[in-house]
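Asks:
In the numbering used here, the protein residues as written are 261 to 438.
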């Protein structure tokens, strides 16, 4: 299957599974602790029906919204994802360009594979996802870089006291930086 033949999420997933090395695919596709929360989230979305508002005028459709005080053209944004250069040669740069093109927010992970300063120069609303580190010096250095790089939002991740127990990663041998 080629990218141009992908018609839905399942097609993209099949293509990724075929093209990416197994440990990287399973890192992206997997979750922690028997993947229970992942399964529940998927189930919850499967229970939502998008009902069209038929016989309504469509000449003035406006999908824009305001999030964290920033007006964006789409009602969703590119959430932070760690280690993006594992699965795309340009990593966060490519996601930042796409966010700029569609005027939506771009989330950057503490575990980004491109320097936060470089990503901060992308002219689109930006959120930085901050992982609190036990070394206060590291925290200060990261936060200074983020502040100097003009990020609009700081999102503090509070559920990562320890790394998740990602069984698929253990099976495939995938490891990520500490």
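Built from N, CA and C at the ideal position, the CB exists for glycine as well.
#1: Would the beta-carbon of residue 412 fall within 8 angstroms of that of residue 387?
#2: Using only alpha-carbon positions, find the residue among 274, 284, 275, 426 that is nearest to residue 297.
#3: Rounding to the nearest angstrom, what Cα-Cα distance links residue 269 and residue 383 in this structure?
#4: Let me know the secondary structure DSSP gives residue 325 once reduced to three states.
#5: Smallest Cα separation from residue 340: which of 290, 306, 266, 373?
#6: Jot down the residue ranges of each uninterrupted alpha helix (DSSP H) in the segment 267-312, minimum 4 residues, whole runs only, in chain order.
#7: Using the three-state DSSP reduction, which class does residue 339 fall into: helix, strand or coil?
#8: Work out the CA separation of residue 332 and residue 322 for me, nearest whole Å.
#9: Excluding the 5 residues flanking residue 274 on each side, which residues of the same chain have their C-beta closer than 6 angstroms to its C-beta?
Replies: Taking the structure as given:
#1: yes
#2: 426
#3: 28 angstroms
#4: strand
#5: 373
#6: 269-279, 282-289, 296-306
#7: coil
#8: 11 angstroms
#9: none
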